[in-house]
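Below is one structure, written out as C-alpha cells; comments come after it.
Residue numbers (this note's numbering): 2 to 642.
Put into C-alpha cells, the structure is as follows:
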C-alpha cells in the first residue's frame with residue numbers, strides 16, 4: 002500500500018475518530034479540553050490533504066478501496082478516489098475547519114455543550130471529506146445527506162432557543178426538497194448507465210441523447226439548488242445564522258453550501274452534453290446573485306448581510322458553471338473559474354464570519370448593526386481583518402475576490418458572444434450590477450459597524466474589548482489568504498493549470514488571458530458601490546434615513562426579503578398545516594373513536610349478563626326456563642315451516 006493510499010484512507014478517519022473521542026471522553030473527562038482531539042485530528046487531516054494535493058494530480062486519479070461490510074456472500078466495498086479537484090477541496094475543507102476549530106476554543110469557551118460542539122464539528126468535517134473523496138454517486142449521496150444532518154445539528158446547537166430549533170428544522174426540511182430531486186436524478190442515471198461510478202458515467206456521457214442528459218442534469222441541479230441555497234430553495238440559509246458564528250463560517254466557507262458547486266463541477270462532462278441544463282444553471286445562478294444582493298443592501302443583522310453575500314457569491318459560481326452552453330471550448334475555463342472563486346471565497350467568507358463572531362463576542366451577543374458603531378478603536382485587530390475580507394468580497398485589486406470573480410466575468414462575457422449571445426449578455430449585465438451592489442452592501446456593513454460615533458450595547462456590560470488571541474490569530478491567517486491567494490494563483494494561472502488536470506475535464510480549453518476591459522469594468526462598478534456606501538454611511542449618515550422614507554415600499558420589499566417566506570407560508574406551510582390538522586382530527590375522532598368504541602362496547606354487554614350471574618339458584622332456574630322456552634318456540638317454528 003502506497004503512502005497516497007494511506008493518506009486517502011486516513012483523511013476522513015481522523016476527524017471521525019476525533020469526533021468520537023470528544024463525544025465519549027468530553028462530558029466526563031476532557032470537558033474544557035474537548036477541543037484537543039478535534040484540533041489535532043483536523044491538523045493531521047490537513048497534513049495528509051497537502052500530501053494528496055502535491056502527489057495526486059501527477060497520477061491522474063488515485064483510488065483505494067477497503068471492505069466496509071462482509072457478511073457471507075455479501076461484500077460492500079468503499080472506494081475512495083482523488084484527483085486535482087478532490088485534492089483542492091480536501092485542503093480547503095480541512096484548512097478552514099482547522100482554523101474554525103481553533104477559533105471556537107475561545108468563542109465557545111464556557112458553553113455547557115462544549116464537548117458536543119466539537120464532536121459535531123468533527124463529524125461534519127468527516128462527512129464533507131467523504132463527500133469529496135467519493136468515487137461514485139451513491140457514496141456521494143450518502144454523505145450529501147450526512148452533511149445535511151450535521152448542519153441540522155450545528156444550526157440547532159442551542160436547541161433550547163426556539164428560534165435555533167426552528168432554523169435547524171427549516172434547513173433540514175428545505176434541503177429534503179432538493180435532495181429528492183437529486184435522488185430522482187441518480188435513479189435516472191442508474192437506469193441510463195446501469196452504474197453510478199464516476200468514471201463509467203462521465204466517460205460515457207457523450208453516448209446518451211441530449212434529452213436524457215438534460216433530465217439527469219436538471220434533477221441533479223435541483224439537489225445543488227437546495228444544498229447551495231439558490232433561489233427558490235434559499236430560504237433556509239439566512240435563518241441558519243441562529244447557530245454559533247464559527248458554524249456559520251464553516252457552513253458558508255468550506256462545507257455544506259460548497260457541496261452543490263462541487264457536485265455540478267464534478268459532473269461537467271454530463272452538463273456539456275446538456276446545453277439547456279447549462280443555461281438553467283447559469284440563469285438560476287445569475288438571478289440568485291442579484292436577488293440576494295438586493296436583499297443584503299437593507300439588512301440590519303451583520304451575519305445576515307454575510308449570509309446573503311454567500312448566497313450571491315454562490316450564484317456567481319453557478320453562473321460560471323453554466324456559461325459554456327453549446328461552447329465546448331469554454332467549458333473547462335468556466336468550471337475552473339467557478340472553482341477558483343470557491344477557493345478564494347472560502348478564505349474571505351470564513352474571515353468575515355469569524356470577524357462578525359468577534360464583534361458579537363465583544364458586544365454581548367448583539368449583532369444588530371443599529372445598536373453599535375465606531376468599533377474600530379474597541380476592536381482594532383478585528384477591524385483591520387474585517388476590512389481585508391470586505392475588500393476581497395467587494396473584489397478590489399489586488400485582493401483574492403478580484404482575481405477569481407474577474408475570471409467568472411471573463412467566462413460570461415465570452416459566452417455573450419457565443420451561440421446564446423443575448424441570454425448571456427443579460428446575465429453579464431446582471432453580474433456587473435451585482436458587483437456594484439456587493440461593494441455597496443459590504444461597505445455599508447463595514448461603515449455601520451466600525452465607523453461613526455462609538456456606541457456599545459448595554460449587553461456588553463461596559464467591558465467591550467478585543468477578542469482573545471486564540472480568536473484573533475485565525476483572523477490574521479485568513480486575512481493573509483484573502484490577500485495572497487489571488488496574487489499567487491490569479492496572474493500566474495497556477496490554480497487553473499492545476500485544476501485543469503482533473504481527468505474528467507477532458508475538453509479542450511481555449512486560452513483566455515486577462516481581459517482588461519472586463520477587469521476595468523468590474524473594478525469600476527465595485528468601486529462605485531464602495532464609494533456610494535462611504536458617501537451614505539460615513540460622510541452623510543443622515544441621508545439613508547431620508548432615502549428610506551422616500552422609498553419606503555422598496556425598502557420594505559428588500560428588508561422583508563421580497564416576502565418569499567410569507568409566500569411559502571401561504572402556498573405550502575399553511576395548506577400543509579391545515580391538512581395535518583384535518584388528519585389529526587380524523588385520527589383522533591374517527592380512527593381512535595372507532596377503536597375506543599370497540600374497546601368500550603363489551604362493558605355494557607357484560608353488565609347486561611352480569612345481573613343473572615349473582616350466585617342465586619332461583620335466577621339460574623329462571624334463566625334455564627327462559628332459555629328452554631325460547632328453544633321450544635324456535636323448534637316449533639322450524640317444524641311448522
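Glycine included, each C-beta is placed from N, C-alpha and C at the ideal position. Since the model is a prediction, treat every value here as computed from it, not as a measurement.
Using only alpha-carbon positions, find the residue among the options that is nearest to residue i.
i           : options               : result
residue 8   : 66, 159 and 409       : 66
residue 320 : 368, 412, 270 and 148 : 412
residue 284 : 261, 425 and 528      : 425
residue 269 : 303, 382, 340 and 31  : 340
residue 291 : 317, 219 and 374      : 317
residue 273 : 331, 313 and 310      : 331
residue 91  : 101, 58, 107 and 46   : 46
residue 565 : 232, 621 and 207      : 232
residue 405 : 489, 85 and 607       : 489
residue 410 : 436, 576, 181 and 365 : 436
residue 116 : 22, 638 and 385       : 22
residue 392 : 483, 242 and 576      : 483
residue 85  : 147, 110, 58 and 99   : 58
Over what stretch of residues does the alpha helix (DSSP H) that includes residue i continue unbroken?
i           : result
residue 594 : 593-601
residue 439 : 422-451
residue 368 : Here residue 368 belongs to no alpha helix (DSSP H), and DSSP marks it neither H nor E.
residue 567 : 565-569
residue 13  : 4-26
residue 314 : 303-322
residue 211 : 211-228
residue 498 : 495-500
residue 503 : No alpha helix (DSSP H) holds residue 503; DSSP gives it neither H nor E.
residue 517 : 517-535
residue 249 : 246-254
residue 641 : 618-641
residue 574 : Premise fails: residue 574 is in no alpha helix (DSSP H) and is neither H nor E.
residue 207 : First-last for residue 207: undefined, no H or E at that position.
residue 36  : 36-56
Using C-beta distances below 6 Å, list every residue in its chain close to residue i, excluding the 5 sequence neighbours before and after it, in chain order.
i           : result
residue 259 : 343
residue 94  : 129 and 255
residue 186 : 217, 220 and 221
residue 151 : 124, 125 and 128
residue 469 : 107
residue 54  : 88 and 92
With residue i and residue j assumed to form a contact (beta carbons below 8 Å), what rounded beta-carbon distance in angstroms separates them?
i           : j           : result
residue 308 : residue 239 : 5 Å
residue 236 : residue 538 : Actually they do not touch by this definition, with Cβ atoms about 28 Å apart.
residue 414 : residue 429 : 5 Å
residue 394 : residue 439 : 7 Å
residue 465 : residue 386 : About 17 Å; that fails the 8 Å criterion.
residue 448 : residue 535 : 7 Å
residue 380 : residue 467 : 5 Å
residue 524 : residue 310 : Rounded, the Cβ-Cβ distance is 18 Å, inconsistent with contact.
residue 676 : residue 286 : There is no way to answer for residue 676, as the model of the chain reaches only from 2 to 642.
So for residue i, helix, strand or coil by DSSP?
i           : result
residue 378 : coil
residue 397 : coil
residue 81  : strand
residue 198 : strand
residue 561 : coil
residue 137 : strand
residue 68  : strand
residue 456 : strand
residue 236 : coil
residue 63  : strand
residue 545 : helix
residue 159 : coil
residue 407 : helix
residue 492 : coil
residue 299 : coil
residue 112 : coil
residue 373 : coil
residue 268 : coil
residue 128 : helix
residue 466 : coil
residue 418 : coil
residue 274 : coil
So, at 8 Å on beta carbons, what are the nonlocal neighbours of residue i in its own chain, with the 5 sequence-adjacent residues on each side left out?
i           : result
residue 197 : 137, 138, 139, 187, 190 and 191
residue 472 : 104, 107, 108, 355, 358, 359 and 362
Kindly list the residues whose CB is nearer than 7 Å to the CB of residue i, restricted to its own chain and excluding five residues on each side of it in sequence; keep chain order.
i           : result
residue 559 : 295, 296, 298 and 299
residue 97  : 251, 254, 255, 347 and 351
residue 155 : 121, 125, 244 and 248
residue 42  : 15, 16, 18, 19 and 123
residue 207 : 274
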